[in-house]
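**Q** All you need for this note's numbering is the position in the sequence shown, starting with 1, plus 517.
Glycine included, each C-beta is placed from N, C-alpha and C at the ideal position.
None of these values were measured; they are calculated from a predicted model.
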Amino acid sequence: CSLFNQLKPIEGRFALQRFQLPFSIIIDFAHTPDAFEHLFSEIRSVLNKGRMIALFGAAGERDASKRKPMGTVASRYCAALFLTDEDPRKENSAVIINDIIQGIPEESQTEVYVIFDRRMAIAKALRYCKAGDILLLLGKGHEHTIQYASQTVAWNESDVLEEEVERLLLEKDQ
Numbered sequence: 518c519s520l521f522n523q524l525k526p527i528e529g530r531f532a533l534q535r536f537q538l539p540f541s542i543i544i545d546f547a548h549t550p551d552a553f554e555h556l557f558s559e560i561r562s563v564l565n566k567g568r569m570i571a572l573f574g575a576a577g578e579r580d581a582s583k584r585k586p587m588g589t590v591a592s593r594y595c596a597a598l599f600l601t602d603e604d605p606r607k608e609n610s611a612v613i614i615n616d617i618i619q620g621i622p623e624e625s626q627t628e629v630y631v632i633f634d635r636r637m638a639i640a641k642a643l644r645y646c647k648a649g650d651i652l653l654l655l656g657k658g659h660e661h662t663i664q665y666a667s668q669t670v671a672w673n674e675s676d677v678l679e680e681e682v683e684r685l686l687l688e689k690d691q
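#1: So for F557, helix, strand or coil by DSSP?
#2: Given 8 Å as the limit, is there contact between the segment 603 to 610 and the segment 568 to 578, that is, 3 or more CB pairs closer than that?
#3: Just the C-alpha distance for E624 and K657, rounded to the nearest angstrom, thanks.
#4: Can F599 and I570 be called in contact, C-beta distance under 9 Å?
#5: Sorted by chain position, which residues of the same chain lie with C-beta nearer than 8 Å to R561's C-beta, five sequence neighbours on each side aside?
#6: Beta-carbon within less than 8 Å of P586's beta-carbon, same chain only, minus the 5 sequence neighbours each way: which residues are those?
#7: Mapping DSSP to helix, strand and coil, what is I653?
#8: How many angstroms separate the CA atom of W664 from the CA atom of A648?
#9: With which residues is A532 paired in a DSSP beta bridge?
#10: Hey, L538 and L685: beta-carbon distance below 9 Å or not?
#11: Mapping DSSP to helix, strand and coil, what is E681?
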């Protein structure tokens with residue numbers, strides 16, 4: 518039993534974020550259709566009445582064939598998707614996100630928001646959430662950069678989230 522107390526969580530994997538908010542936030546590195554299926558189905562099995570909201574993108578210049586299935590799986594479980602940059606590299610962000618959208622069935626009731634700037638997407642997703650919801654920030658996890666064609670930008674998902682939660686709480690105080 519003491520061994521389990523010594524184990525440290527793996528950075529960026531099912532990392533429950535602790536804030537004074539009426540909804541939950543999890544950061545996870547999930548970035549494949551299979552990882553989405555496992556993550557979403559597990560959360561759905563314990564989520565009572567709240568909605569699942571996912572924020573993610575897909576890596577540019579990588580396996581494009583997984584993008585459409587990611588959209589399909591996410592739309593099956595989530596009330597809303599905030600599609601954003603992950604690591605577009607030299608690939609056009611709009612093409613990457615359009616590939617994901619192609620996987621969302623026409624009859625899907627899932628709301629889809631396209632916000633390329635990941636920080637802005639996080640800010641909007643936080644404001645979208647209601648009591649009892651769970652917000653999943655997916656794809657970056659433990660990574661500390663976002664790769665664009667012309668530059669690599671320093672990035673820490675949990676730090677950015679904390680900053681955006683602080684802004685949200687300040688807005689609510691006014």
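**A** Walking through what the data contain:
#1: Here residue 557 refers to the residue found at position 40 of the sequence shown. In the three-state reduction of the DSSP assignment, F557 falls in the helix class.
#2: Verdict: yes, contact present.
#3: In the sequence shown, residue 624 corresponds to position 107, counting from 1. In the sequence shown, residue 657 corresponds to position 140, counting from 1. Rounded to the nearest angstrom, the two C-alpha atoms are 29 Å apart.
#4: Here residue 599 corresponds to residue number 82 of the sequence shown, with the count starting at 1. Here residue 570 corresponds to residue number 53 of the sequence shown, with the count starting at 1. A Cβ-Cβ contact shorter than 9 Å links F599 with I570.
#5: In the sequence shown, counting from the first residue as 1, residue 561 sits at position 44. Result list for R561: M569, Y594, in chain order.
#6: Along the sequence shown, one-based indexing puts residue 586 at 69. Around P586: P550, G620.
#7: One-based indexing of the sequence shown puts residue 653 at position 136. Rather than Ile, the amino acid found at residue 653 in this sequence is Leu. Residue state for L653 is assigned as strand, using DSSP reduced to three classes.
#8: The residue you call residue 664 lines up with position 147 of the sequence shown. The residue you call residue 648 lines up with position 131 of the sequence shown. Before going on, a small fix: residue 664 reads as Gln here, not Trp. Distance between the alpha carbons of Q664 and A648 is about 34 Å.
#9: Position 15 of the sequence shown, counting from 1, holds the residue named residue 532. DSSP output for A532 lists I544 as bridge partner(s).
#10: Translated into positions along the sequence shown, residue 538 becomes position 21. Translated into positions along the sequence shown, residue 685 becomes position 168. Against a cut-off of 9 Å, the Cβ pair of L685 and L538 comes out as a contact.
#11: Start at 1 with the first residue of the sequence shown, and residue 681 comes out as number 164. Helix at E681.
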